[in-house]
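A.B. asks: In our numbering, the protein residues as written are 63 to 283. Note that CB positions come from ideal geometry on N, CA and C, so glycine has one too.
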């Protein structure tokens, strides 16, 4: 495909990543309100978790599409094996996300899949950040300019994504208790604490995404 097509897909992924994630952010913040009924808060959380599939898919596809875009623009010359490996990891990650979604009512399966998901993200954090650092030091595979920095910051986003999942995870059983037992101070405290901690990493992600978008658009370095 041409450079223009890959650029369009890349922009589309960015829009759905940031736009849909903002909806998840607003719903999650609203769900912590103790003046709403437990049913209302449960619905908000379920809607948030459903919408959350969209930014996750966009995030997963961003790197392989970005690699094609960089190749079409002439910034890098990856071989067929690099393209194949990138897409294979992305499709495997997509399958893991789908399994996580389908098993959301199975606590034991969720626990196993969440562990696998965190392990995968840690591996990608190391690999992508390593590629960015290597590029900025002049060893490639990306140019030691805005593109190398963009790859490094994209790797840091993996860390933020891990922290969002880790910090928000305690809120899920808390919401389950809320539905069964009603509002209690300790339950509300756990929900508020977990959501607030996750929000910090969400805002950090938004900041990094904006910087990455700026680097890719303006190319200041």
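List the whole-angstrom C-beta distance separating residue 94 from residue 253, where the pair is believed to meet the contact cut-off of C-beta under 8 Å.
C.D. replies: Right, their Cβ atoms sit about 5 Å apart.
A.B. asks: With DSSP run on the structure shown, which of helix, strand or coil describes residue 199?
C.D. replies: coil
A.B. asks: Could you confirm whether any beta carbon from chain C is found closer than 7 Å to the beta carbon of residue 200?
C.D. replies: Included in the structure is just one protein chain, with no chain C present.
A.B. asks: Taking C-alpha atoms, which residue in 115, 99, 120 lies nearest to residue 71?
C.D. replies: Among 115, 99, 120, the Cα nearest to that of residue 71 belongs to 120.
A.B. asks: Quick check on residue 227: does DSSP put it in helix, strand or coil?
C.D. replies: Secondary structure at residue 227: helix, using DSSP grouped into helix, strand and coil.
A.B. asks: Could you check which residue in 96, 276, 271 has the C-alpha nearest to that of residue 245?
C.D. replies: 96
A.B. asks: In terms of residues, what are the limits of the alpha helix (DSSP H) holding residue 130?
C.D. replies: Its alpha helix (DSSP H) spans residues 115–134.
A.B. asks: Check residue 246 in the structure and name its three-state DSSP category.
C.D. replies: coil
A.B. asks: In three-state DSSP terms, what is residue 176?
C.D. replies: If DSSP states are grouped into helix, strand and coil, residue 176 belongs with the helices.
A.B. asks: When the Cα of residue 175 is compared with those of 193, 65, 156, which residue comes out closest?
C.D. replies: 156
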